[in-house]
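J.: Protein sequence lines correspond, in order, to chains A and B. Under our numbering, residue 492 is the last one in the first sequence; the count climbs by one each step, no gaps. Under our numbering, residue 1492 is the last one in the second sequence; the count climbs by one each step, no gaps. Where is the CB? At the ideal position from N, CA and C, for every residue including glycine.
Number of protein chains: 2
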Amino acid sequence: MTVRPSSLVASFLLGSLAALSCVTSTPAQTAKPLNEVYQPEAKRLIAAALDDPDGYANLTYLCDHIGKRISGSEPLGRAITWSADLMRRDGLEHVTIQKVMVPHWVRGHESGSITTPVTKPLHMLGLGMSVGTPAAGIDAEIVVVRNFDELKKLGKTGVQGKIVVFNAPYEGYGKTVMYRVVGASEAAKLGAVAMLVRSITPLALQLPHTGTLEYEKDAPKIPAAAISLEDAMMLARLTSEGAPVKVHLQMDAHMEADAESGNVMGEIVGSEKPEEVVVLGGHIDSWDVGQGAQDDGSGIMATLEAVNLIKRLGLKPKRTIRIVFWVNEENGGTGGEAYRKALGEKVGNQVAAIEMDGGAEAPVGYGYGSPGSRRATPNGPAAAPELSDAEQHSLDLLKQVGILLEPLGAGTIRPGGGGSDIEPLMMAGVPGLGEMTNAAHYFDWHHTEADTIDKVDPVEFRKNVASLAVMTYILADMPERLAGHAGPGTEE
Amino acid sequence: MTVRPSSLVASFLLGSLAALSCVTSTPAQTAKPLNEVYQPEAKRLIAAALDDPDGYANLTYLCDHIGKRISGSEPLGRAITWSADLMRRDGLEHVTIQKVMVPHWVRGHESGSITTPVTKPLHMLGLGMSVGTPAAGIDAEIVVVRNFDELKKLGKTGVQGKIVVFNAPYEGYGKTVMYRVVGASEAAKLGAVAMLVRSITPLALQLPHTGTLEYEKDAPKIPAAAISLEDAMMLARLTSEGAPVKVHLQMDAHMEADAESGNVMGEIVGSEKPEEVVVLGGHIDSWDVGQGAQDDGSGIMATLEAVNLIKRLGLKPKRTIRIVFWVNEENGGTGGEAYRKALGEKVGNQVAAIEMDGGAEAPVGYGYGSPGSRRATPNGPAAAPELSDAEQHSLDLLKQVGILLEPLGAGTIRPGGGGSDIEPLMMAGVPGLGEMTNAAHYFDWHHTEADTIDKVDPVEFRKNVASLAVMTYILADMPERLAGHAGPGTEE
């Protein structure tokens, strides 16, 4: 999971729309509740999923034998080929690799250290999409701030020529991630020569967390890196002593030419309405550290296994189920955009989009979302949106499905949710669902060397598969369609 | 805190002694309980300690401005000089640096990686006192075992020429640390060319934990390193696939000539029995990673502040209180041995020894120990010893002190305890006390880059100071002496 800066902008735009019109079919008010209609299938799917080792085995192979796979990298190419083969072997139809051009950011060698008043290496990790330093590195005094207000108070006089360190205590990912995303440009506008951000995590164990940044068009591009919580706190302590604190930073980070890559797709073709599609998936790329196990190997392998189970049990949904492994979620979002663009005017046939991109800890349910509703804003996570009558009816239908997920502990259905990859679909009015977990430790490992397969509990993983299989099958088979938002006129 | 191999041997020897004689003064059975006698002083000491910022400020300086300080290193020398100055500034008497020769192990450059069937760097950290590899490194197939039994089953045929990986799940430090301490020689005896040990910690976050090893005299010395939990589990998964897994290991680790170093000591001279000494302290050296904050900067700075508070409040104990910052606890124990040796036959005047070497998390009380009672054995931590009548009486006296520590949550007094540095004293019959905390996270950080000052909570630190001040003052002032064990004829 990442926060796409463009989505942040989109959420601002959406926030200013006075009302959202809705497209939906007429509610069938007297219909039998979904939890009664689909109880037999749900029971079978859950039982099969909880007894199925295949999804976790696939995830283990992906993690151990392919590993980290940032956009443009060789292992991402292998992951894509392997995934398509996997879908074919599983007997999915229309398995294709949809061509997507992706940005190719390369970290290269990097290091940082305190040089004054003590000498000590920093536990650092450059931010994705950051520019590098000059070859000799940057040597500069630092200023440490806890928030944007403190930065503003320093002003150009206090910041010019310095390295700005954002030492913001973790107040939840959605809120604190802003320093990583826009901190570099905010600092650069005041004349900073580089930016260091305290890693966006609640856990201090000398582990830096990377993630993407966004440069503002009109601000100078300065190098930016995450540092461990320990190092950020140490820099704050040292500066509080009053004497100058200096840091050396060297980063080879740079952009190479965009690379050809792809979304991996496969289908179970619908028996009655094959043109109507329930799409689900996660993202196949990861950061260039760890194994991309929770983020988002677990998402793609759990959603695929959910589809496989529906197929293996011989269930034939009326609508088409399409699995997509979107590419380039972490630093660009071009996979999600390309998928939506390729649909053109047929986007209205996407009856629902489900994204799993919050790891495979214990599943708790689904967020039913409007575009931008799961996005961070400078004032914290966006509030849950107000629902139209049609949306409220759809929420009630989803709650009927939720009843079937209660044995998994995954029965919570709430408004607000989605995912970076399905955001372009949601902007075009497609109802979006974000699969939710308890995220007990997700941000301990997120975007680090520690996002490895051992963090994914096999039992919890299977519960996610079970929940996805039930939700996906019912959405593809139920009489009605969910209500979606009509997005703003211009989509991203 | 470390486990000293020589102490392990000592604990075996002691275990075989049928009975331990005791030296103590006659119990004064009708005396007023200590919790009544010393309540006013305890209240004053606790109130002062909880309101005292100085100890934590000293610890912060030690961590941030001196930092890690392994035996033989330049920062250890600075830490010693600074500590002696600190004791003088605080007005302690007889401040001296007692000369101690220490082993000088140097890590040098080191790296490890998986080379077959995938290529991936390992998160590794050489074990203290390990030999290095040849300059070109070692390339070998690995075998992964979970315990010594599995190693034995492999035998020479299975181990010869290979790198042995101990992937033992954490079952408490005292038990699991054996793989780190003796794993290299156990593997070498079967022909292994190197040893990797899963870090001795419950928390997987790609952080390797170092610590000392012991080479057996008759086994070849092979290089040994800790790896992260994640990497150990990955190696186990890869080998379980059946195909050969190979690792490259390169370590420059080596011993240099023993270095001159020292124990730092200072006193409050007793008002009535100055020749009788209550000694307390921790160790001034640390591993060559992190800041040595919990292990054992917190121990030396908390014990010193406890002594300072007694002095500052104008309390004049009958016996002498001596603070000692022992050197070389982590990889040799020569500081504790030198201190005991210098006492010669006067060791009987050491009426009690208190060590704080388990970090400064929330204090819970004290272990009242016999030699070796806190030591790990191959079958887990040694059992609490049986107490003689005199020892039971001493335990009862300590429990009276414990009542005064209850407001701190530190009122637990239990048999069994001590510390590496005071072990030589305890072997000579000196009653030993180990200051105990809840150790909620101690082994998450222990011997790693993450043992930094931010892990020490200022409020918990002050509670430790309070507890130590009360215990130390009462032991130095109370009418009786605690019962101690007479050690075996030959001390280490």
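Which residues in chain A have a C-beta closer than 7 Å to the C-beta of B/Q1206? List them in chain order.
T.: Per Cβ cutoff of 7 Å: L207, E449, A450.
J.: By the criterion of Cβ-Cβ separation under 9 Å, what are the contact partners of A/G67 in chain B?
T.: Within chain B, the residues near A/G67 are V1118, K1120.
J.: If A/L493 and A/M301 are in contact, beta carbons under 8 Å, what's the gap, nearest whole angstrom?
T.: Beyond the ends of chain A as shown, which are 1 and 492, falls residue 493 of chain A; an answer cannot be given.
J.: Which one of B/K1156, B/S1185, B/R1146 has the shortest CA to CA distance from B/N1167?
T.: It is B/R1146 whose Cα lies nearest to the Cα of B/N1167.
J.: Can you name the start and end residues of the beta strand (DSSP E) that B/S1083 belongs to?
T.: Element bounds for B/S1083: not the beta strand (DSSP E) but the alpha helix (DSSP H), 1074–1089.
J.: Between the alpha carbons of B/V1324 and B/L1280, how many angstroms are there, rounded?
T.: If you take the alpha carbons of B/V1324 and B/L1280, they lie about 6 Å apart.
J.: With a threshold of 8 Å, are at least 3 pairs of Cβ atoms found where one atom belongs to the segment 311–322 of chain A and the other to the segment 290–300 of chain A?
T.: Contact between the segment 311–322 of chain A and the segment 290–300 of chain A is absent, because fewer than three Cβ pairs lie under 8 Å.
J.: Measuring straight from C-alpha to C-alpha, what distance separates A/S228 and B/D1064?
T.: Distance between the alpha carbons of A/S228 and B/D1064: 15 Å.
J.: Which residues in chain A sit within 9 Å of B/H1254, going by Cβ to Cβ distance?
T.: In chain order: nothing, as chain A lies at least about 22 Å away.
J.: Looking at the ligand ADP, does it come within less than 8 Å of A/A306, judged from the CB to the closest heavy atom?
T.: Questions concerning the ligand ADP fall outside what the structure shown contains, since it holds no ligand whatsoever.
J.: Return the chain-ordered list of same chain residues with a C-beta closer than 7 Å to the C-beta of A/N285, the five sequence neighbours on each side being excluded.
T.: First, the residue type needs correcting, since residue 285 of chain A is Asp and not Asn in the sequence shown. For A/D285, where only same-chain residues beyond five positions count, the Cβ hits under 7 Å are R69, I70, S71, L76, V327, N328, E329, E330.
J.: Does A/G290 have its Cβ less than 9 Å from a Cβ in chain B?
T.: Answer yes: the Cβ-Cβ gap between A/G290 and chain B drops below 9 Å somewhere.
J.: List the residues of chain A whose Cβ lies closer than 9 Å to the Cβ of B/R1180, in chain order.
T.: Within 9 Å Cβ-Cβ: nothing; B/R1180 doesn't reach chain A, min ~19 Å.
J.: In terms of DSSP beta bridges, what is A/F166 paired with?
T.: A/F166 is bridged to A/V145, A/V197.
J.: B/L1050 and B/K1463 - do their beta-carbons sit closer together than 9 Å?
T.: For B/K1463 and B/L1050, yes; Cβs fall inside 9 Å.
J.: Mind pulling the beta strand (DSSP E) runs of 3 or more residues that sit fully within the segment 31–60 of chain A?
T.: Counting only runs of 3 or more, we get nothing.
J.: Tell me, please, whether the CB atom of B/D1295 is closer than 9 Å to any CB atom in chain A?
T.: Answer no: the Cβ-Cβ gap between B/D1295 and chain A never drops below 9 Å.
J.: For B/A1483, name the three-state secondary structure that DSSP assigns.
T.: Three-state DSSP puts B/A1483 in coil, outside helix and strand.
J.: Helix, strand or coil for B/P1208 per DSSP?
T.: If DSSP states are grouped into helix, strand and coil, B/P1208 belongs with coil.
J.: Terminal residues of the continuous beta strand (DSSP E) containing A/T116?
T.: From DSSP, the beta strand (DSSP E) with A/T116 extends over 110–116.
J.: Check whether the Cβ of A/M87 lies closer than 9 Å to any Cβ atom in chain B.
T.: No, A/M87 does not count as interfacial toward chain B.
J.: Our contact map puts A/Q250 next to A/S111 with C-beta atoms below 8 Å; I'd like the distance itself, whole angstroms only.
T.: That belief holds up - the Cβ atoms of A/Q250 and A/S111 are roughly 5 Å apart, short of 8 Å.
J.: Return no unless some Cβ of chain A is closer than 9 Å to the Cβ of B/L1059.
T.: Not closer than 9 Å to any Cβ of chain A, the Cβ of B/L1059 fails to qualify, so no.
J.: Check whether the Cβ of A/E230 lies closer than 9 Å to any Cβ atom in chain B.
T.: Output row for A/E230: interface = yes.
J.: Interface residues of chain A around B/D1064 at Cβ under 8 Å?
T.: Neighbours of B/D1064 on chain A, chain order: V118, M234, R237, L238.
J.: Say whether chain A places a C-beta atom closer than 9 Å to the C-beta of B/H1104.
T.: By this cut-off, B/H1104 is not an interface position.
J.: Pull out every residue of the segment 1449–1481 of chain B whose Cβ sits closer than 7 Å to any Cβ of chain A, in chain order.
T.: Within the segment 1449–1481 of chain B, the qualifying residues are E1449, A1450, T1452, D1454.
J.: Does DSSP put B/R1414 in a helix, in a strand, or in coil?
T.: Note: B/R1414 maps to strand in three-state DSSP.
J.: Just mark A/D85 as buried or exposed, buried being the case when its beta carbon has 16 or more other beta carbons within 10 Å.
T.: With fewer than 16 Cβ atoms within 10 Å of its Cβ, A/D85 is classed as exposed.
J.: Consider the Cβ of B/G1484: report whether some Cβ of chain A lies at a distance smaller than 9 Å.
T.: No, B/G1484 lies away from the interface with chain A (no Cβ there is under 9 Å from its Cβ).
J.: Given that a residue counts as buried once 16 or more other Cβ atoms are within 10 Å of its Cβ, and exposed if not, what is A/R88?
T.: Exposed: under 16 other Cβ atoms inside 10 Å.
J.: Could you confirm whether any beta carbon from chain A is found closer than 9 Å to the beta carbon of B/G1094?
T.: The sequence as given places His at residue 1094 of chain B; Gly does not occur at that position. No - not a single Cβ of chain A is within 9 Å of the one on B/H1094.
J.: Would you please verify whether the beta carbon of B/H1283 is less than 9 Å from any beta carbon of chain A?
T.: Not an interface residue.
J.: Who are the neighbours of B/H1123 on chain A, taking C-beta pairs under 8 Å?
T.: Near B/H1123 (Cβ distances below 8 Å), the residues of chain A are E449.
J.: Please name the residue in B/H1104, B/L1196, B/E1276 whose C-alpha comes closest to that of B/I1163.
T.: For the residues B/H1104, B/L1196, B/E1276, the minimum Cα distance to B/I1163 belongs to B/L1196.
J.: Alpha carbon to alpha carbon, how far is B/V1165 from A/V364?
T.: Straight-line Cα distance between these residues: approximately 38 Å.
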